[in-house]
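Residue numbers (UniProt numbering): 1 to 330.
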């Protein structure tokens with residue numbers, strides 16, 4: 001879709017941000033790959049806020065759409081001045097997502113340099129200063145990486161590899177990368193979508209600085225494997241009377257709210273009572289296999305996949321600690 005097509009006379013539309021209806025002669029903007037239109041004013045505000053917050057690339061505001069706006073659309077809405085800011089932030093986001101790019105630590109020097117951990121000395125091409133690839137501090141003769149809490153309090157995002165710092169205050173271990181919005185576990189650096197990762201026998205705790213010990217993990221695993229069927233059975237037993245009672249009660253209540261006759265109420269109650277045993281059996285038949293599948297298939301698969309991924313990463317590259325040790329030998 002060209003810029004001219006964006007402002008062309010089309011049918012009326014409703015802006016999903018301001019929820020206002022617009023006529024065919026109003027200006028609008030939408031991603032090339034979808035037809036979700038924004039009015040001109042909302043598009044300007046949305047683009048401006050996204051650029052200020054570095055929330056790029058610009059995506060369609062409709063959830064689960066994911067279509068992106070192109071460069072010419074941004075220029076058409078905001079103008080050339082803001083377009084230069086947009087392109088600069090896009091470049092900055094790209095550089096920050098590259099694990100081999102380092103920014104010069106000298107004040108007011110925006111230069112970025114590509115380096116490797118095998119050659120830790122990096123020289124800035126603008127100011128001429130030298131700094132360390134691993135710890136990002138200025139380089140001098142006899143340089144040693146300043147550890148402080150560096151290795152423990154700073155870890156790389158598992159998706160885009162930018163360094164992220166976390167206070168060592170026993171706070172929540174579910175982290176969200178400010179760059180790529182990837183959610184991951186601080187303790188094992190595995191990507192997580194829900195908090196169920198912290199319920200597995202992986203040793204990762206929702207709060208705290210370290211994983212659980214082997215003995216405690218073994219005890220929790222035994223309790224988890226043995227106690228889960230008991231708990232699932234208890235829930236299934238309690239589910240039966242709840243369904244058997246709730247269905248006829250709800251049927252009678254709905255009929256009463258509609259002002260039906262007493263005979264109609266009795267008929268609904270009898271019908272609900274006849275259906276409820278089958279509904280309870282169906283609920284148990286669905287719940288029990290699903291719960292057992294989560295306990296004995298999903299959780300173990302998640303547990304072993306984490307260890308396989310960790311082994312793969314260990315073979316693929318060295319840890320930050322190993323890089324620092326090599327750096328101190330230079």
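The C-beta atom is built at its ideal place from N, Cα and C for all residues, glycine as well.
Q: Tell me where the beta strand (DSSP E) around residue 112 begins and ends.
A: Here the beta strand (DSSP E) through residue 112 covers 112-114.
Q. Residue 38 bridges to which residues according to DSSP?
A. Under DSSP, residue 38 forms a beta bridge with 29.
Q.
Using the Cβ count rule (16 or more neighbours within 10 Å means buried), how would you classify residue 122?
A. Counting Cβ neighbours within 10 Å, residue 122 comes out buried, since at least 16 surround it.
Q) residue 79: which of 43, 171, 120, 244 sits nearest, CA to CA? A) Minimum Cα-Cα distance from residue 79 among the listed residues 43, 171, 120, 244 corresponds to 43.
Q: Could you pull the start and end residues of the beta strand (DSSP E) that residue 156 belongs to?
A: In the DSSP assignment, residue 156 falls within the unbroken beta strand (DSSP E) covering 154-156.
Q: Could you tell me which residues DSSP pairs with residue 121 in its beta bridges?
A: Paired residues: 132.
Q) What number of angstroms, rounded off, separates the C-alpha of residue 125 from the C-alpha of residue 108? A) If you take the alpha carbons of residue 125 and residue 108, they lie about 14 Å apart.
**Q.** Closest residue to residue 46 among 32, 33, 281, 61 (Cα-Cα distance)
**A.** The residue with the shortest Cα to Cα distance from residue 46 is 61.
Q | Through-space distance from residue 100 to residue 69, alpha-carbon basis | A | Rounded to whole angstroms, residue 69 to residue 100 spans 28 Å at the Cα level.
Q: Mind checking who residue 174 pairs with in its DSSP beta bridge?
A: DSSP, once it has assigned bridges, lists 185 as partnering residue 174.
Q) According to DSSP, what are the bridge partners of residue 102? A) Beta bridge pairing from DSSP links residue 102 with 113.
Q. Under the three-state reduction of DSSP, which class applies to residue 254: helix, strand or coil?
A. The answer is helix: DSSP assigns residue 254 an H, G or I state.
Q: Please say whether residue 249 and residue 272 have beta carbons closer to each other than 9 Å?
A: Taking 9 Å as the Cβ cut-off, residue 272 and residue 249 qualify as a contacting pair.
Q: Quick one: using the 10 Å Cβ neighbour count with 16 as the cut-off for buried, is residue 243 buried or exposed?
A: Counting Cβ neighbours within 10 Å, residue 243 comes out buried, since at least 16 surround it.
Q. For residue 159 versus residue 207, is the C-beta distance shorter than 9 Å?
A. Residue 207 is positioned such that its CB atom lies no closer than 9 Å to that of residue 159.
Q.
Residues in the same chain with beta-carbon distance under 7 Å from residue 143, minus the five sequence neighbours each way, listed in chain order, please.
A. For residue 143, the CB contacts under 7 Å within the same chain, skipping 5 residues up- and downstream, are 132 in chain order.
**Q.** 6 Å CB neighbourhood of residue 280 in its chain, flanking five on each side removed
**A.** Excluding residues within five positions, the ones whose Cβ falls inside 6 Å are 240, 243, 244.
Q) So, helix, strand or coil for residue 141, using DSSP? A) In this structure, residue 141 counts as coil in the three-state DSSP scheme.
Q: Note down, in chain order, each residue of its chain lying with its Cβ closer than 6 Å to the Cβ of residue 14, except the 5 sequence neighbours on either side.
A: Counting only Cβ-Cβ distances below 6 Å, and skipping sequence neighbours, we find 21.
Q: Please state whether DSSP places residue 325 in a helix, a strand or coil.
A: Only weak support exists for where residue 325 lies, its pLDDT of 42 falling under 50; the value from the coordinates is given anyway. Note: residue 325 maps to helix in three-state DSSP.
Q: From the DSSP output, read off the bridge partner residues of residue 21.
A: DSSP, once it has assigned bridges, lists 14 as partnering residue 21.
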